[in-house]
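> Counting from 1, one number per residue, gives the positions in the sequence shown under UniProt numbering. Ideal placement from N, C-alpha and C gives every residue a C-beta, glycine not left out.
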Amino acid sequence: ELYQKANEDLIKIRNWLIENKLSLNVSKAQYIDFSEAKSNNKLIIHDFTCTNVNKCCCPKLEKVNEYKYLGCIVDQGLTFDTHVNEIINKINNKKTLSIFYILKDKSFKKSVYSALIQSHLQ
1 ELYQKANEDL IKIRNWLIEN KLSLNVSKAQ YIDFSEAKSN NKLIIHDFTC
51 TNVNKCCCPK LEKVNEYKYL GCIVDQGLTF DTHVNEIINK INNKKTLSIF
101 YILKDKSFKK SVYSALIQSH LQ
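Listed below in structure tokens is the structure:
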């Protein structure tokens with residue numbers, strides 16, 4: 001099963017973190033399940049003090065439907081609808097658009113366009 005394999009991989013990650021004297025901030029760690037099948041299984045990050053991985057009270061990773069990574073919102077269905085809607089909302093902001101009515105100089109308008117609008121599209 002996928003969740004069993006993922007939990008086994010998390011144990012390997014935990015061991016690597018311990019060997020390298022690092023820790024994972026579980027309160028900031030999240031995961032997305034990209035499969036179409038619904039599942040109530042949980043992914044667990046085991047503490048370095050955990051001796052029994054089958055029966056423990058280690059924290060569970062939070063499951064999310066979408067996640068913002070490097071400015072791009074990735075959703076569970078990989079549709080990017082939320083990301084596109086966020087960009088449209090930023091561009092349609094009345095303050096952003098009203099600046100273009102005020103500006104007269106074409107080259108300055110182009111610079112403002114590059115800074116406020118084009119930067120979101122690239």
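I believe K63 touches D33 by the beta-carbon criterion, under 8 Å. Please report the beta-carbon distance rounded to the nearest angstrom.
Correct: roughly 6 Å between the Cβ atoms.
> Between the beta-carbon of H83 and the beta-carbon of I73, is there less than 7 Å?
For H83 and I73, yes; Cβs fall inside 7 Å.
> Based on the DSSP output, what are the partners of Q118 in its beta bridges?
Beta-bridge pairing links Q118 to no other residue.
> In chain order, what residues of the same chain have a beta carbon less than 8 Å from the beta carbon of E86, not counting five sequence neighbours either side?
Once the five neighbours on either side are set aside, the close Cβ partners of E86 are I73.
> According to DSSP, C72 sits in a beta bridge with which residue or residues?
Beta-bridge pairing links C72 to Y69.
> To which residues of the same chain is D81 closer than 8 Å at the C-beta, ignoring the five residues directly before and after it?
The answer, listed in chain order, is D75.
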